[in-house]
Structure formats: structure tokens, C-alpha cells
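Visitor: This is the structure I want to talk about, given as C-alpha cells.
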Amino acid sequence: MAELVFFSGTMDCGKSTLALQMDHNHRARGRGGVRFSRNDRAGESRISSRLGLETDAVEVADSTDFWEEVMMRRTRGQRIDYLICDEAQFYTPGQVEQLAKVVDEIDVDVFAFGITADFRTRLFPGSQRLVELADRVQVLQVEALCWCGRRATHNARTVDGVMVTEGAQVVVGDVDMAMDSGAGTTAMDHVPVVGYETLCRRHYMRRVTAHGASLMGQQDPLLPFEVDACLWRGSGGTEASGA
1048 MAELVFFSGT MDCGKSTLAL QMDHNHRARG RGGVRFSRND RAGESRISSR
1098 LGLETDAVEV ADSTDFWEEV MMRRTRGQRI DYLICDEAQF YTPGQVEQLA
1148 KVVDEIDVDV FAFGITADFR TRLFPGSQRL VELADRVQVL QVEALCWCGR
1198 RATHNARTVD GVMVTEGAQV VVGDVDMAMD SGAGTTAMDH VPVVGYETLC
1248 RRHYMRRVTA HGASLMGQQD PLLPFEVDAC LWRGSGGTEA SGA
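Take 1048 as the starting number for the sequence shown in this note's numbering and just add one per residue.
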């Protein structure tokens, strides 16, 4: 019987790599499928892995109807046995319900891959609906690591290396951004660089990013309860006004 399966984890835990591997395995056994993605790091209509794997995909928009997408292809004679749905946290709850309908009504497997919670530790609407409706929710076994070496459990957003906890839920950024990206620019011409980083709960709650830890390592030692990386900016480690 077909299933709706949600593969979940933090950034850097291999979700897109697994999505591409599963697509390969099913195609190798003669099954037909469609790959979907949204807001992939490689650009529109792509699924890409940080290991360097990349392939084409159908870009999902708010107007995408998965039921219509499958029925249109089947009407044209295309074999559809499964769907690969990457970056599923960006799908709408209604689209997740469409995926469940595809599984239940026409026996098509749906393998969804995505992050569960955003940089504020709040569930993405798409991920929440997947948890509510999926036949199975599987947490990926490849563990992303915090800068301290512990297992990373939270996704943090940074602006110029400083962790933030407010803002729009979806903002495109670079996980591998250079921490010194603002160096050499003036306050007038500097464009803030948005990035993302995986942290353990301890350092998420203390707001200590890799950049902040590096800066504090250059200063006098602090006791654990004194640490707040939001107070540290720039290569000189000066305190941010109004933090």
C-alpha cells in the first residue's frame, strides 16, 4: 500500500541527499516518479545536495495543486508511482492535504523531506501538517553538529554572524556564508548577510553561534551564564548598542 512518509531533520543532516538516493533507487526498479522542490539553494526547479549531487525538479508554488499535477501526467500516459517532495517545509497545509489525497485515492507513494522547525523553533505550517497526516515520520539518523561538537537540534538564523530570533519565517540565506563578509565595508554601503547555522539546544538558548564563540575566544574568559553572542559584533568583539 502507498504511504505518505515525512523524512525530517535539521539542516545539514542529508535530507536532499536521501531524496536523490531514493529517487534513484525507485527508478532503477522501473518505477516512475516526479521530483518536486521549492526554494532550493541551487535555484528554481532543482534539487541539490551539499555533497554536490544535483538534478532537475518541478518548482512548487503556492498555486501548485499536487492532485492536478499527478492526474495531468497520468492522462498523458506517464507512469506515476511515487513523488519526491523536497523542501516540504515550504509547502502549504493545503498542499500537504493534496499529497495525502494522492496517496489514499490513487495509491501513489509520497516521500517528503524537510525541516520541522524554523529559526524561532516554531513549526513550519507545511511540516506541522505533515506530522499530523503522515503515515510515518522518520527523523534522519545522520546527525548535524553544533560548532561545539554536540548534536545540533536547532536551526539558527544569523545576520552578519549574529543570531536573530525575529523576522519573516522564510528568508533565503547561505548556510556556508563567510563570517567576515562585512569586513572592509562602511556602515553606509554594507548589506547585511543572512545565514543559517545548526546549533545544539544549549547554544541556541544562549545565542552563541560559531562566529560569536570565535569572538569571545579572543576576549577574557566568561562564565557560561554570562554568554550571549547577540552582544558581540564585528571582528573586534565590541558590544552592540541596544542589544
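Yeah, the Cβ is synthetic: ideal placement off N, Cα and C, and Gly gets one too.
No experiment lies behind these values; they were computed from the predicted model shown.
DSSP three-state call for Met1058: helix, strand or coil?
Guide: Met1058: coil per DSSP, three-state reduction.
Visitor: Can you tell me whether Tyr1251 is helix, strand or coil according to DSSP?
Guide: In the structure shown, Tyr1251 sits in a helix (DSSP, three-state: H, G or I).
Visitor: Rounded to a whole number of angstroms, what is the C-alpha to C-alpha distance between Val1240 and Thr1205?
Guide: Their Cα atoms are separated by approximately 8 Å.
Visitor: Would you kindly work out how many angstroms separate the C-alpha atoms of Leu1192 and Thr1057, rounded to a whole number?
Guide: Rounded to whole angstroms, Leu1192 to Thr1057 spans 10 Å at the Cα level.
Visitor: Between the alpha carbons of Thr1232 and Val1117, how many angstroms are there, rounded?
Guide: At Thr1232 the pLDDT is 42, less than 50, meaning the model places this residue with poor confidence and gives no usable figure here.
Visitor: Which one of Val1157, Gln1216, Ala1147 and Phe1160 has the shortest CA to CA distance from Leu1170?
Guide: With distances taken between Cα atoms, Leu1170 lies closest to Gln1216.
Visitor: Which value, in whole angstroms, describes the spacing of the CA atoms of Thr1064 and Ile1131?
Guide: So the two alpha carbons sit approximately 12 Å from each other.
Visitor: Between which two residues does the beta strand (DSSP E) holding Gln1185 run?
Guide: Looking at the DSSP string, the run of the beta strand (DSSP E) that includes Gln1185 is Arg1183 to Val1186.
Visitor: Fully enclosed by the region 1096 to 1163, which alpha helix (DSSP H) runs are 4 residues long or longer?
Guide: Complete alpha helix (DSSP H) runs here, min 4: 1113 to 1122 and 1140 to 1153.
Visitor: Quick check: the Cα distance between Ala1108 and Gly1161, rounded to an integer number of angstroms?
Guide: When rounded, the distance between both Cα atoms is 16 Å.
Visitor: Apart from the five residues just before and just after Arg1085, which ones in its own chain have a Cβ nearer than 6 Å to its Cβ?
Guide: Only Val1107, Glu1134 and Phe1137 meet the Cβ criterion.
Visitor: Taking the beta strand (DSSP E) that Glu1244 falls in, what are its first and last residues?
Guide: That run of the beta strand (DSSP E) goes Val1241 to Leu1246.
Visitor: Please report the Cβ distance between Ala1203 and Thr1256, rounded to the nearest whole angstrom; I am assuming they are in contact, meaning their Cβ atoms lie under 8 Å.
Guide: Indeed, because the Cβ distance is near 6 Å, the residues count as touching under 8 Å.
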